[in-house]
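Everything on this sheet refers to the single structure shown next.
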Amino acid sequence: MAAVYTDAELNALADYEASRVGALSLHTASPGTTGANEATGGSPAYARKAVTFNSAGAVGPLGATAQPATVGVAWSNEVTFDVPAGTYTHAGAQSSTTGGTFRSGNTLATTQTLTSQGTVKVSGKVGPFAGA
Numbered sequence: 000m001a002a003v004y005t006d007a008e009l010n011a012l013a014d015y016e017a018s019r020v021g022a023l024s025l026h027t028a029s030p031g032t033t034g035a036n037e038a039t040g041g042s043p044a045y046a047r048k049a050v051t052f053n054s055a056g057a058v059g060p061l062g063a064t065a066q067p068a069t070v071g072v073a074w075s076n077e078v079t080f081d082v083p084a085g086t087y088t089h090a091g092a093q094s095s096t097t098g099g100t101f102r103s104g105n106t107l108a109t110t111q112t113l114t115s116q117g118t119v120k121v122s123g124k125v126g127p128f129a130g131a
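Numbering (numbering that gives the first Met the number 0), first residue to last: 0 to 131.
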């Protein structure tokens, strides 16, 4: 028999996961389970960005169209990465802005290809129903 969770429990799981994520990262290919392929370089230089999440099950900070209220999902604010020319395909959830632990990764809604130094904006989602 498969477990059935209440909406409140799914939201609590998402909120717990969000409490463990302190930063978002940007990747040039799948980060796998280790955070591989994280962006580097540029001027200004690439760096992970600190992030905050709303409570799971509520509309995210970017509004209902971009981040609808979804049981088991906590949405983050949007962050802007400075990056060199390249192709960026994935975002990652990290425990901190430096070092720390890679928590998860997800494909960007749209691959971003830059022909020169520029910026890429990303928001994240975590929780039992936050998959691709």
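A virtual CB, placed ideally from N, CA and C, is assigned to each residue, including glycine. Fair warning: this is a prediction, and the values are worked out from it, not measured in the lab.
Backbone secondary structure at residue i - three-state DSSP
| i | result |
| --- | --- |
| N105 | strand |
| S94 | coil |
| A17 | helix |
| E37 | strand |
| L61 | coil |
| A11 | helix |
Cβ-based burial, residue i [other Cβ within 10 Å; buried from 16]
| i | result |
| --- | --- |
| P141 | Given a span of 0 to 131 for the chain in the structure shown, any question on residue 141 remains unanswerable. |
| G21 | buried |
| A49 | exposed |
| G71 | buried |
| T5 | exposed |
| G59 | buried |
| G98 | exposed |
| T110 | exposed |
Cβ pair residue i, residue j closer than 8 Å
| i | j | result |
| --- | --- | --- |
| T88 | T118 | no |
| R134 | A92 | Missing from the structure shown is residue 134; the chain here goes from 0 to 131 and no further. |
| T86 | T106 | no |
| R47 | T100 | no |
| A55 | Y45 | no |
| G41 | P83 | yes |
| P127 | A57 | no |
| S94 | R19 | yes |
For residue j and residue i, believed in contact at Cβ under 8 Å, the rounded distance
| i | j | result |
| --- | --- | --- |
| T17 | F52 | The amino acid occupying residue 17 in the given sequence is Ala; Thr does not appear at that position. Sure, about 4 Å apart at Cβ, within 8 Å. |
| A73 | K124 | 7 Å |
| S24 | N76 | Not quite, the Cβ-Cβ distance comes to about 15 Å (not below 8 Å), so this is no contact. |
| G130 | H26 | At roughly 17 Å, the Cβ-Cβ gap does not stay under 8 Å, so G130 and H26 are not in contact. |
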